[in-house]
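Per our numbering: the sequence shown = residues 16 to 256. Where a beta carbon is used, it is the ideal one built from N, C-alpha and C, also for glycine. Predicted model only: the values in this text are computed from it and were never measured.
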Amino acid sequence: MTASLRGTRIVVSAGPTYEDIDPVRFIGNRSSGRMGFAIAAAAAQRGAQVVLVAGPVHLDTPAGVTRIDVRSAAQMQAAVLAALPADVYIGAAAVADFAPAQAAPRKLKKSGDGDGLVLELVRTPDILASVARHAPRPRLVVGFAAETHDVAHYARDKLARKQLDLVAANLVGVAGSGFESESNALTVYGAQFERALGPAPKTQLAGELLDLVAARLPRTQRDDVRVDGTLPVRTPPDRAP
Ligand code: PMT
16 MTASLRGTRI VVSAGPTYED IDPVRFIGNR SSGRMGFAIA AAAAQRGAQV
66 VLVAGPVHLD TPAGVTRIDV RSAAQMQAAV LAALPADVYI GAAAVADFAP
116 AQAAPRKLKK SGDGDGLVLE LVRTPDILAS VARHAPRPRL VVGFAAETHD
166 VAHYARDKLA RKQLDLVAAN LVGVAGSGFE SESNALTVYG AQFERALGPA
216 PKTQLAGELL DLVAARLPRT QRDDVRVDGT LPVRTPPDRA P
């Protein structure tokens, strides 16, 4: 059964962020953007108005989605906050946690044989936490957690510490899930909730995650409402567009 998201505005982040060291080097990660793009595509198919804030990736924009391309964590935060207010925020991006304190204006040169390079790194803005604190707050703030171990512990910690409604946790560093792969396996955590999804293609998981999102939105918010404020006759969910 496919839940409709008509009448909702959903902001999704996807892909990596690149934090420049100098004009030719950056700190990045292996996110392809597939998970976030699949969520944006599935949300648009369900009738949501979707803004996709994408780091540097090589993917086509899904049909019906407004895409904003960014490079760094700071740019991603600015674009996400500018896209609010929204009913739902889903943070699927792999945002770099640290950035060089200053990007060098010219290419850093090797100074001598065997010499290393010490970079001063600073924390990037926590986009997810800033969305959860934003006024007006999206009704649902959904984070991801990419973990190599103790998945449930770290996911529940993020849920509470960042004041999220759901956290979709995935294992990274193993074949067939997480970064770059076409497939994934998620465990979704809420305050009194836990649901394993997959392993399955990211396109399928995106729909299953959105079913959990839709179930947490009031029906009046996710269905079409007439201009006079009355609700139309509902389309049976199995015949919804
Ligand atoms: O892009 P793919 O190749 O398809 O891979 C998908 C994925 C593995 C990137 C995706 O499923 C995923 O797990 N995304 C989150 C990756 C991540 O950065 O996890 P984290 O545990 O470090 O971050 C936790 C949450 O905080 C995430 O929602 C992240 O978007 C958010 N965050 C993190 C740091 C920061 N400065 N700002 C944030 O908003």
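Judged by beta-carbon spacing, Asp102 lies within the 8 angstroms limit of Pro153, meaning their Cβ atoms are closer than that value.
The C-beta separation of Ile54 from Leu212 comes to about 12 angstroms, leaving the pair out of contact by the 8 angstroms criterion. Pairing Val95 with Ala116, the inter-Cα distance amounts to about 22 angstroms. For Leu67, the beta-bridge partners assigned by DSSP are Val27 and Arg82.
By the beta-carbon neighbour count (other beta carbons within 10 angstroms, threshold 16), Arg234 is exposed. Cα atoms of Ala167 and Ala184: separation of roughly 8 angstroms, rounded to the nearest angstrom. Taking Lys217 as the centre and dropping the five residues before and after it, the same chain places the C-beta of Arg49, Met50, Ala53, Glu197, Ser198 and Asn199 closer than 7 angstroms to its C-beta, in chain order. Within the chosen limit of 7 angstroms, ligand 1 does not reach the beta carbon of Ala101 with any heavy atom.
Ala88 is a Cβ neighbour of Pro140, given a cutoff of 8 angstroms. Judged by beta-carbon spacing, Val137 lies within the 8 angstroms limit of Ala114, meaning their Cβ atoms are closer than that value. Take Gly193, set aside five residues on each side of it, and the residues of its chain with a beta-carbon closer than 8 angstroms to its own are Ala161, Asn185, Leu186, Val187 and Asn199, in chain order.
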